[in-house]
Structure formats: structure tokens, C-alpha cells
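Residue numbers (my numbering): 975 to 1275.
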């Protein structure tokens, strides 16, 4: 073997073990956290890894089994940096998984822990609204998504919304021109029609009504549900000897109380649409999985 190649070969051989053991060298089991583990419950809830600060946690998580989930963190070399900075672990027990999801989402947005993905209000949050057969992009900052009918999908920005329309058009052989995605001459076949990528609503091969119906059918799976009640409701969640009433209005979680008598203290009109609340609460509220109690009488007090 030529000398220069031998030097490169030896260099690679010597450096390889360093890569293999690098993670292990960095990671040490966080013995200093062991005193906090004994009291961890096996019930649902939210847990916190705290550093030196008494007010700002390093990390917020949730689980249906707090103890099991926290222990999994302590065995993960990839989280060594967080574990080295952690000084104590605390938790808040909830009645069930739903309460843990809601509380975690709120606390992460409020406290912005160092090791959590940042959750901020998206000023570009938008949806698709079909007007006169054509999709229009509307924004949550301008329209109340909890009350506005005929909305489809929740998107981070206009580009993502239009990309969804284009993808649907490609899948269903819809006309770009009729959907407003490109300019066409009325009555003339579009370019995609010649390629058999458009069913021909632009040139009479398919009725505009049939085209519109197929478009709406394609959008149906991402339809945004309007808030179906006149005011706030309480969703009852029970588990492990604990009962919480989640107070919700316009898909916004206002908080949880132990008794309906305390619900009035949380009632308020939401300011804006809460995307996280919608995604977490839509299925539990609409499928009958939980008992839902109307709070109209409380709001009138």
C-alpha cells in the first residue's frame, strides 16, 4: 500500500472508536436526580425538569404514566445536556390523558422551556374557503375560524394552503384554471387537459357543477368544524379517583376545575382561534367519548 494511503487508513482507524464512544463519554446517569424519582406517580399528568431557575423550567412533558416517562428520559444519552442542567423534577397530576395534553400545550406556550420546541401564535395561520366554486385563502387574524363555515384545513401559511389545493387537483384531475391556480381562456381546453391531467371541465367535457362537487368531496376530510354550541361547555374527565371538568369555548381550553360550581370563574370569550386547542379537543368533543355539559346557565349569571 502506498505510504500516503497508509497514513489515511491509519488515521481513519484511529478516529473511528472516538465516534463510537463519543455519546457514551458525554452521558452519565444523572444520580443527582435520583431523590426526586421515588415520589413520581404512575398516573397521567405533566412533569417538569427544573434547573437553577425557580420560575423557568428546562423542559415540560406529559404522559399517561409520569414515572415511566421520566425514567425513560434518564436513560437517554441524547438528552444528556438537559439532564446535566436539571436540579429537580416536579409534576402536576391530571385526571387523564386529555388533561395532560391540554395543560402541556398551554404551559409550553406560556413558559417557553429551553429544551422544548417553541410554540408561538402563528400570525400567518390560514385556511381554504370555497367562494363561488373557487378556493380563497383566509386568515385566522381576520376571520373567526371557530364560527366561520366552509373552511378547509389549517395551514402555517398561504403557500402551504395553495400547495394542498394543487395536490388535490393533481390527484382528482381538477382544472387549475377553474380553481384559480393559473390563467386560462374561457371555453378553451387548458394545457393539462391535453395531457389528460384535467377531466375537461374547462372545455365542456365535464360540467362545472360536477367539477365543483368533486373538489368539495376531496376537501371534505380536512373540513374545519365550527364550534357547535352557543356558549361554553364542560367536558368531564375521570380517572384514578380524580375528576376534572375541562371548560372549553370556541375550541379554546379555558382551564379545568374539580367542581362545576367553580366553572364560572373561568368563563370568558376567547380572543382568537386556538389551533392547538382545536386539534386536541375536536375529536374528544364530537365523538361522544366524554360527557359534555352545557354551561349556558352559568354564563348568564
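We put the CB at the ideal spot given by N, CA and C, even for glycine.
Residue(s) in a DSSP beta bridge with residue i
i: residue 1064; result: 1022
i: residue 1125; result: 1103
i: residue 1112; result: 1101
i: residue 1033; result: 1023
i: residue 1266; result: 1209
Distance between residue j and residue i (C-alpha atoms, nearest Å)
i: residue 1046; j: residue 1061; result: 17 Å
i: residue 1257; j: residue 1225; result: 11 Å
i: residue 1108; j: residue 1154; result: 7 Å
i: residue 1166; j: residue 1172; result: 5 Å
i: residue 1059; j: residue 1025; result: 6 Å
i: residue 1133; j: residue 1098; result: 10 Å
i: residue 1147; j: residue 1021; result: 49 Å
i: residue 1242; j: residue 1206; result: 9 Å
i: residue 1131; j: residue 1100; result: 6 Å
i: residue 1120; j: residue 1015; result: 37 Å
i: residue 1009; j: residue 1003; result: 13 Å
i: residue 994; j: residue 1052; result: The predicted model places residue 994 with a pLDDT of 43, which falls under 50 and marks its position as unreliable; any figure quoted below should be read in that light. Their Cα atoms are separated by approximately 14 Å.
i: residue 1023; j: residue 1063; result: 5 Å
i: residue 998; j: residue 1005; result: Annotation note: pLDDT 43 at residue 998 (below 50); position unreliable, coordinate value reported separately. The alpha-carbon atoms of residue 998 and residue 1005 are separated by roughly 16 Å.
i: residue 1031; j: residue 1040; result: 17 Å
i: residue 1185; j: residue 1105; result: 14 Å
i: residue 1086; j: residue 1233; result: 30 Å
i: residue 1187; j: residue 1204; result: 30 Å
i: residue 1160; j: residue 1267; result: 53 Å
i: residue 1054; j: residue 1066; result: 24 Å
i: residue 1082; j: residue 1156; result: 41 Å
i: residue 1175; j: residue 1115; result: 34 Å
Residue i classed as buried or exposed, judged by whether at least 16 other C-beta atoms fall within 10 angstroms
i: residue 1164; result: buried
i: residue 1018; result: buried
i: residue 1036; result: buried
i: residue 1198; result: buried
i: residue 1180; result: buried
i: residue 1255; result: buried
i: residue 1182; result: exposed
i: residue 1078; result: buried
i: residue 1050; result: exposed
i: residue 1151; result: buried
i: residue 1208; result: buried
i: residue 1142; result: buried
i: residue 1029; result: exposed
i: residue 1075; result: buried
i: residue 1245; result: exposed
i: residue 1125; result: buried
i: residue 996; result: Since pLDDT at residue 996 reaches only 46, below the 50 mark, its modelled position is unreliable, and the value read off the structure follows with that caveat. That one is exposed.
i: residue 1169; result: exposed
Beta-carbon proximity check, residue i vs residue j, cutoff 9 Å
i: residue 1072; j: residue 1211; result: yes
i: residue 1221; j: residue 1269; result: yes
i: residue 1128; j: residue 1263; result: no
i: residue 1213; j: residue 1070; result: yes
i: residue 1227; j: residue 1080; result: yes
i: residue 1096; j: residue 1034; result: no
i: residue 1118; j: residue 1247; result: yes
i: residue 1048; j: residue 1011; result: yes
i: residue 1149; j: residue 1138; result: no
Inset, instruction - Tell me the start and end of each unbroken alpha helix (DSSP H) in the segment 1039-1110 that is at least 4 residues and wholly inside, in chain order. - result: DSSP assignment within the segment 1039-1110 yields the following whole alpha helix (DSSP H) runs of 4 residues or more, N-terminal first: 1040-1048, 1054-1059, 1071-1085.
Legend entry - alpha helix (DSSP H) runs contained entirely in the segment 1170-1232, provided each spans 4 or more residues: Whole alpha helix (DSSP H) segments, 4+ residues: 1182-1193.
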